[in-house]
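Some notes on the structure that comes next.
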Amino acid sequence: MLLEHQLTVVTGGSSGIGFATAERFVAEGARVVISGRHAEKLQRAAQKLGENALPIVADAARPDDMQRLYKTAVDHFHCDVNVVVANAGISRQTPVRETSLEQFSEVMAVNVGGVYSTVREALPFLCRPASIVLVASLAANQGTKNFSAYCASKAAVVSLAKSFAAELVEFGIRVNSISPGVANTPIFETLDMSEAQLLEWAKVIPMKRPASPAEIASAILFLATDSSRYMTGADLAVDGGMSGISPF
Ligand SMILES: NC(=O)c1ccc[n+]([C@@H]2O[C@H](COP(=O)([O-])OP(=O)(O)OC[C@H]3O[C@@H](n4cnc5c(N)ncnc54)[C@H](OP(=O)(O)O)[C@@H]3O)[C@@H](O)[C@H]2O)c1
Numbered sequence: 001m002l003l004e005h006q007l008t009v010v011t012g013g014s015s016g017i018g019f020a021t022a023e024r025f026v027a028e029g030a031r032v033v034i035s036g037r038h039a040e041k042l043q044r045a046a047q048k049l050g051e052n053a054l055p056i057v058a059d060a061a062r063p064d065d066m067q068r069l070y071k072t073a074v075d076h077f078h079c080d081v082n083v084v085v086a087n088a089g090i091s092r093q094t095p096v097r098e099t100s101l102e103q104f105s106e107v108m109a110v111n112v113g114g115v116y117s118t119v120r121e122a123l124p125f126l127c128r129p130a131s132i133v134l135v136a137s138l139a140a141n142q143g144t145k146n147f148s149a150y151c152a153s154k155a156a157v158v159s160l161a162k163s164f165a166a167e168l169v170e171f172g173i174r175v176n177s178i179s180p181g182v183a184n185t186p187i188f189e190t191l192d193m194s195e196a197q198l199l200e201w202a203k204v205i206p207m208k209r210p211a212s213p214a215e216i217a218s219a220i221l222f223l224a225t226d227s228s229r230y231m232t233g234a235d236l237a238v239d240g241g242m243s244g245i246s247p248f
């Protein structure tokens with residue numbers, strides 16, 4: 001097993017990519033802390049994951065919550081943290097002509113501030129070596145109509161991974177990001193998008209289908225483990241060919 005007895009933290013572990021990652025990590029022998037803002041949803045996810053999962057209600061955008069999360073995790077499992085997956089994120093349509101700075105800032109606070117706090121508050125609790133994986137997006141590199149806040153936030157996540165990697169390499173801490181394309185998760189339920197729009201998106205994927213959350217989790221597992229030990233500061237595209245293949 002690739003993560004036997006390793007303590008791992010997955011923010012936003014109650015659904016979608018985060019839950020699939022927690023499920024895969026548990027299958028690989030890890031002890032997994034999952035977080036989210038909604039207690040019941042988190043509890044249901046933890047029950048499915050079994051006794052090696054510990055649910056902790058925590059808002060990734062609140063440094064106090066993240067400090068409490070790491071302290072509770074380390075006290076509970078009596079060891080430091082081997083792997084952090086900063087996955088919690090939100091998506092909103094934010095057409096520039098209709099979106100206030102406050103609405104723009106909500107997306108930035110979770111997707112950028114949340115990733116910052118997830119990494120910063122982890123540092124006193126990390127093993128050496130350790131691996132940190134930040135969940136960015138294909139959107140980091142592509143302007144997308146009505147999604148400027150989300151795209152800008154994900155560009156910031158890719159950038160944070162590189163600067164964190166530069167600062168932490170001397171401590172044996174690797175930091176990489178992953179950029180999924182379109183993955184079939186509940187995030188789209190929050191987006192006020194028609195199913196027809198989503199089907200249009202799927203058509204332009206060279207592989208002609210969205211990813212399953214488990215397919216993204218496999219790539220996160222690779223970045224979390226020793227298999228990627230010579231990688232830091234990299235961004236891994238897992239997008240069915242969207243970023244690498246021209247549509248023409
Ligand atoms: N699905 C895609 O196509 C896709 C593509 C590229 C990148 N991504 C990225 O992948 C990540 C996971 O998204 P997903 O598609 O799996 O969405 P999802 O199913 O909606 O999962 C999001 C998770 O994050 C949690 N969360 C949201 N805000 C949070 C906060 N402030 N603090 C702590 N937890 C929070 C949610 O739980 P609560 O609501 O209970 O807090 C949930 O567990 C996101 O960063 C997203 O941007 C997704």
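Each residue of the sequence shown is one higher than the one before, starting from 1 at the first, in full-length UniProt numbering. All residues carry an ideal CB built from backbone N, CA and C; glycine is no exception. Because the structure is a prediction, the values reported are computed rather than measured.
Report, in whole angstroms, the separation of the C-beta atoms of residue i and residue j, which I expect to be a contact under 8 Å.
i      : j      : result
Val84  : Val135 : Contact flag wrong, Cβ pair sits at about 11 Å.
Asp65  : Ala58  : 4 Å
Ile90  : Val110 : 5 Å
Thr8   : Ala217 : About 12 Å; that fails the 8 Å criterion.
Pro210 : Val182 : 4 Å
Glu40  : Leu2   : Their Cβ separation, rounded to whole angstroms, is 31 Å, which puts Glu40 and Leu2 out of contact at 8 Å.
Ser137 : Pro180 : 6 Å
Ala214 : Arg24  : 7 Å
Less than 8 Å between C-beta atoms, sequence neighbours within five positions excluded: which residues of the same chain meet that for residue i?
i      : result
Ala166 : Gly233
Ala202 : Val182, Lys208, Arg209, Pro210
Can you give me the Cβ contacts of residue i inside the same chain, cut-off strictly under 6 Å, excluding the 5 residues immediately before and after it?
i      : result
Ser117 : Pro63, Met66
Asn146 : Gln93, Pro95
Gly18  : Val10, Gly12, Asn87
Ser228 : Phe222
Val131 : Inspection of the sequence shows that residue 131 is occupied by Ser rather than by Val. The answer, listed in chain order, is Val83, Arg174, Ala224.
Ala60  : Thr11, Ala88, Gly114, Thr118
Asp226 : none
Glu4   : Gly29
Would you kindly check if the distance between the Cβ of residue j and the Cβ of residue i is under 8 Å?
i      : j      : result
Ala219 : Ile245 : no
Thr11  : Ala86  : yes
Gly240 : Met193 : no
Val81  : Ala149 : no
Ala139 : Lys154 : yes
Arg128 : Ile173 : yes
Ala45  : Ser15  : yes
Val26  : Leu42  : no
Leu176 : Met231 : Checking the displayed sequence, the identity of residue 176 turns out to be Asn instead of Leu. Going by C-beta atoms, Asn176 is nearer than 8 Å to Met231.
Gln47  : Ala30  : no
Leu69  : Ser35  : yes
Val33  : Ile56  : yes
In terms of DSSP beta bridges, what is residue i paired with?
i           : result
residue 257 : No answer is possible for residue 257: it lies beyond the span of the chain, which begins at 1 and ends at 248.
Ala130      : Ile173
Gly36       : Val57
residue 269 : Here the chain comprises residues numbered 1 to 248, so residue 269 is not present and cannot be evaluated.
Thr11       : Ser35
Val157      : DSSP lists no partner for Val157.
Pro211      : A small correction: the amino acid at residue 211 is Ala; Pro does not occupy that position in the sequence shown. BP columns for Ala211 point to Ala183.
Val135      : Ile178
Ala45       : None; Ala45 has no bridge partner.
Ala86       : Leu134
Tell me which same chain residues have a C-beta within less than 7 Å of the C-beta of residue i, skipping the five on either side of it?
i      : result
Val115 : Ala86, Leu134, Val157, Leu160
Thr144 : Cys151
Leu168 : Val175
Three or more C-beta pairs below 8 Å linking the segment 150-160 and the segment 191-200: no
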